[in-house]
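Shown next, in structure tokens, is the structure this report addresses.
2 protein chains.
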Amino acid sequence: MDNARKFDWNHIRAFLATAETGSLSAAARRLDQTQPTLSRQIAALESDLGVMLFERVGRSLQMTGAGVELLEHTRAMGSAADRIALAASGQVQSIEGQVRITASDIMSAYVLPDILRDIRAQAPRLQIDVIAANDIRDLLRREADIAIRHVRPDQPDLIAKLVQDATAHFYASTAYLQSNGYPKSKGDLSRHAFISFGDPDRMIEHFEPLGVHLTRDNFRLGSQSGIVAWEYVKQGFGIAPMSHEVGDSTPGVVRLLPETDAIRFPVWLTTHRELHTSRRIRLVFDLLAKHLSK
Amino acid sequence: MDNARKFDWNHIRAFLATAETGSLSAAARRLDQTQPTLSRQIAALESDLGVMLFERVGRSLQMTGAGVELLEHTRAMGSAADRIALAASGQVQSIEGQVRITASDIMSAYVLPDILRDIRAQAPRLQIDVIAANDIRDLLRREADIAIRHVRPDQPDLIAKLVQDATAHFYASTAYLQSNGYPKSKGDLSRHAFISFGDPDRMIEHFEPLGVHLTRDNFRLGSQSGIVAWEYVKQGFGIAPMSHEVGDSTPGVVRLLPETDAIRFPVWLTTHRELHTSRRIRLVFDLLAKHLSK
DNA sequence: AAACCCTTATACATTTACGTATGGATAATG
DNA sequence: CATTATCCATACGTAAATGTATAAGGGTTT
Numbered sequence: 010m011d012n013a014r015k016f017d018w019n020h021i022r023a024f025l026a027t028a029e030t031g032s033l034s035a036a037a038r039r040l041d042q043t044q045p046t047l048s049r050q051i052a053a054l055e056s057d058l059g060v061m062l063f064e065r066v067g068r069s070l071q072m073t074g075a076g077v078e079l080l081e082h083t084r085a086m087g088s089a090a091d092r093i094a095l096a097a098s099g100q101v102q103s104i105e106g107q108v109r110i111t112a113s114d115i116m117s118a119y120v121l122p123d124i125l126r127d128i129r130a131q132a133p134r135l136q137i138d139v140i141a142a143n144d145i146r147d148l149l150r151r152e153a154d155i156a157i158r159h160v161r162p163d164q165p166d167l168i169a170k171l172v173q174d175a176t177a178h179f180y181a182s183t184a185y186l187q188s189n190g191y192p193k194s195k196g197d198l199s200r201h202a203f204i205s206f207g208d209p210d211r212m213i214e215h216f217e218p219l220g221v222h223l224t225r226d227n228f229r230l231g232s233q234s235g236i237v238a239w240e241y242v243k244q245g246f247g248i249a250p251m252s253h254e255v256g257d258s259t260p261g262v263v264r265l266l267p268e269t270d271a272i273r274f275p276v277w278l279t280t281h282r283e284l285h286t287s288r289r290i291r292l293v294f295d296l297l298a299k300h301l302s303k
Numbered sequence: 010m011d012n013a014r015k016f017d018w019n020h021i022r023a024f025l026a027t028a029e030t031g032s033l034s035a036a037a038r039r040l041d042q043t044q045p046t047l048s049r050q051i052a053a054l055e056s057d058l059g060v061m062l063f064e065r066v067g068r069s070l071q072m073t074g075a076g077v078e079l080l081e082h083t084r085a086m087g088s089a090a091d092r093i094a095l096a097a098s099g100q101v102q103s104i105e106g107q108v109r110i111t112a113s114d115i116m117s118a119y120v121l122p123d124i125l126r127d128i129r130a131q132a133p134r135l136q137i138d139v140i141a142a143n144d145i146r147d148l149l150r151r152e153a154d155i156a157i158r159h160v161r162p163d164q165p166d167l168i169a170k171l172v173q174d175a176t177a178h179f180y181a182s183t184a185y186l187q188s189n190g191y192p193k194s195k196g197d198l199s200r201h202a203f204i205s206f207g208d209p210d211r212m213i214e215h216f217e218p219l220g221v222h223l224t225r226d227n228f229r230l231g232s233q234s235g236i237v238a239w240e241y242v243k244q245g246f247g248i249a250p251m252s253h254e255v256g257d258s259t260p261g262v263v264r265l266l267p268e269t270d271a272i273r274f275p276v277w278l279t280t281h282r283e284l285h286t287s288r289r290i291r292l293v294f295d296l297l298a299k300h301l302s303k
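Chains as they are written, first to last, in the working numbering: chain A, 10 to 303; chain B, 10 to 303.
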């Protein structure tokens, strides 16, 4: 019947790459896939079309007459795909307007820059406003378009996506540790100085279930600004928790109790319903999701 | 970067079908897929390209300007795919030569016809010889090109593929059952007349582990030909095992002890190494594998 | 205005495809 | 002639895509 009319279009791409490079292994490298995958895809395509495309003669492949016959149309398909990519890229680059992102000051300063670089590359005409704030802004009142938060939003009108299950550890500067000693266990932490982000009482009750028992006496210095507090940690004033992504890449600061279980916190990407209609918000949302999901 | 240059080509087909039919559900029906699959594929394509293709407005989708822009190139890609299918179909139809298939006489008579019809439709110039034989032919001596067997071949030079784990049951004609009574349990079978395929002793020892205890006295009639023996069953001479595929589609014959576990036997498709180089053998082998795998 | 039909989006279980590791085979190299 | 390197095919565990079931949102009809 019209059995041959349903084949996997990706297999055509595999055939094209194999024909142009001359081997399955080279095609796999070009397509960022593995050689067994290409091997199976070509075999499946041959089976679907009912035609042999290559003769396996020792180590190298030789294209059959049928393969040559199909190659021309395959090239046409490939160039159409290239034109789609090109046109889409042009559409993206023409996107303009404003998108406001709100995130914690820590994330705004230390995590977002790499992502913003990619956004800039893809849509140079877009204007991004980063609202660095540790209190939660109201998306429904359009104080921002996209929010990066660590709690799930309660309003059902918002679109929320859990993009990461991040981990945090305790960090301190080497200078601090040389003066005050290295804590060997969770119990040792109670004798150390901590830097608070925001309300110390909330930090105390947050660490309690983890087996880290602190009191207000441990918090002699702090700031509502995460960046400022982290600066105090770098300067050797004490210990503070930090996401491993930021902590591990800060020079002069080391992770404490590395064998202890990490502190886990979720990362939620939130936006209002306009995501479904606005190209620019959609673009930024997708790129944020891609990068934050690692 | 050139992020948009790597997208799933099948998603382009999904976009094309959605654009031409006007809805995800209709596109899913055209492509023999489900609506959630299409929904995800379009969403993934939009994310990969960084462009919104449709606006979700109530029940119907409306294409965006970006979608219209890409549609033209998408059509080009689709028509190239159609030309590939057409050219491949032409290549298949031009395949000619002889292919010899060996199988049991039962399978040759009752199972192969439907498959042969498909082979004929795809490659009308192919000459198929079916060697109906219940003894095993030697493929290495080229007595046949492809063998359908119920045991795994021992020669390592052969290519073997397990295509099915078939099931068989006991069958008898309604006329026989009205005269001799319906067996209610495996034990009842010992009091009935059986028709033998080939050697009765081998059948006896084959049924022993299944809890069906027979002696030579149960076999008063038989034939080395499966078709002839099955004819005797239809004529009411006794009981015989038969694959459910054949048994269930034979009028006037019913399955005994339906709640009893089925008799299981494997179906192996075997060919010589020429499979890798011969288009016609490859074609027939793949079609047999497709149909026999259900 | 209520009921219905058709649409799209989400949650979960299953199937499918993929990557890693390995074996076999052939051509190029010392 | 042995050795190395490169290529393709197969086996198996894992990750991704698919299908089923279900909910929710709009139009259309009664």
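No residue lacks a Cβ here, since even glycine has one placed at the ideal position from N, Cα and C.
Item                                                                                                                       : Value
Three-state secondary structure assigned by DSSP to glycine 106(A)                                                         : strand
Exposure of glutamine 50(A), with buried meaning 16 or more beta-carbon neighbours within 10 Å                             : buried
DSSP bridge partner residues for proline 275(A) (one or two, in chain order)                                               : Asp174(A)
Listed by chain order, chain A residues near valine 101(B) by CB distance under 8 Å                                        : Ala13, Leu58, Gly59 and Val60
Helix, strand or coil at glutamate 152(A) [DSSP, three-state]                                                              : coil
Span separating the alpha-carbon of histidine 178(A) from that of tyrosine 185(A)                                          : 17 Å
Proximity to alanine 130(A) [Cα-Cα], best of Glu105(A), Asp154(A), Leu148(A) and Ala141(A)                                 : Glu105(A)
Residues in the region 114-144 of chain A having any Cβ partner in chain B nearer than 9 Å                                 : Asp127, Ala130, Gln131 and Ala132
Bridge partners - valine 262(A), DSSP secondary structure assignment                                                       : Ser182(A)
Between the CA atoms of isoleucine 168(B) and tryptophan 277(A) - distance to the nearest angstrom                         : 53 Å
Among Arg289(A), Asp114(A), Arg273(A) and Asp57(A), the one whose alpha carbon lies nearest that of isoleucine 157(A)      : Asp114(A)
DSSP three-state assignment for leucine 219(B), whether helix, strand or coil                                              : helix
Stretch-stretch touch, CB-based, cutoff 8 Å, three pairs: the region 195-207 of chain A with the region 293-300 of chain A : no
Rounded separation between glutamine 42(B) and proline 260(A) - CA only                                                    : 53 Å
Bridge-paired residues (DSSP) for isoleucine 248(B)                                                                        : Phe203(B)
8 Å Cβ cutoff met for tyrosine 180(B) and leucine 265(B)                                                                   : yes
Proximal residues, the region 33-54 of chain A versus chain B, C-beta separation under 8 Å                                 : Asp41
CB contact flag (leucine 121(A), alanine 132(A), <8 Å)                                                                     : no
Beta carbon proximity, leucine 301(A) to chain B, threshold 8 Å                                                            : no
Under 8 Å from the C-beta of arginine 288(B): neighbouring residues of chain A                                             : Val60, Met61, Thr73 and Ala75
Whole runs of the beta strand (DSSP E) within the region 61-131 of chain B, excluding any shorter than 3 residues          : 63-66, 69-72 and 106-112
Inter-residue Cα distance where the pair is arginine 65(B) and serine 56(B)                                                : 15 Å
Beta carbon of glycine 93(A) nearer than 8 Å to that of histidine 20(B)                                                    : Reading the sequence as shown, one finds isoleucine at residue 93(A) and not glycine. No.
Contact set between the region 76-95 of chain B and chain A, restricted to residues whose Cβ is under 7 Å from the partner : Glu78, Leu79, His82, Thr83, Ala85, Met86, Ala89, Ala90, Arg92, Ile93 and Ala94
CA-to-CA distance, leucine 62(B) to phenylalanine 294(B), given in whole angstroms                                         : 42 Å
Contact with chain B by aspartate 210(A), beta-carbon distance below 8 Å                                                   : no
Cβ pair alanine 202(B), glycine 247(B) closer than 8 Å                                                                     : yes
Nearest neighbour of arginine 291(B), chosen from Met72(B), Leu58(B), Trp18(B) and Arg109(B) [CA to CA]                    : Arg109(B)
Through-space distance from leucine 25(A) to serine 88(A), alpha-carbon basis                                              : 11 Å
Proximal residues of chain B, C-beta to C-beta of arginine 291(A) below 7 Å                                                : Met61
Residues that alanine 97(B) contacts on chain A, provided the C-beta gap is smaller than 8 Å                               : Ala13, Leu58, Gly59, Val60, Ala75 and Leu79
Where asparagine 19(B) meets chain A, residues with beta-carbon distance less than 7 Å                                     : Asp17, Trp18 and Asn19
The region 215-231 of chain B touching the region 138-154 of chain B, judged by at least three CB pairs closer than 8 Å    : no
Below-8 Å beta-carbon distance, arginine 22(A) vs any chain B residue                                                      : yes
Proximal residues, the region 161-189 of chain B versus chain A, C-beta separation under 9 Å                               : none
Where aspartate 154(B) meets chain A, residues with beta-carbon distance less than 9 Å                                     : Within chain A, no residue comes near aspartate 154(B); the closest Cβ sits about 15 Å away, beyond 9 Å.
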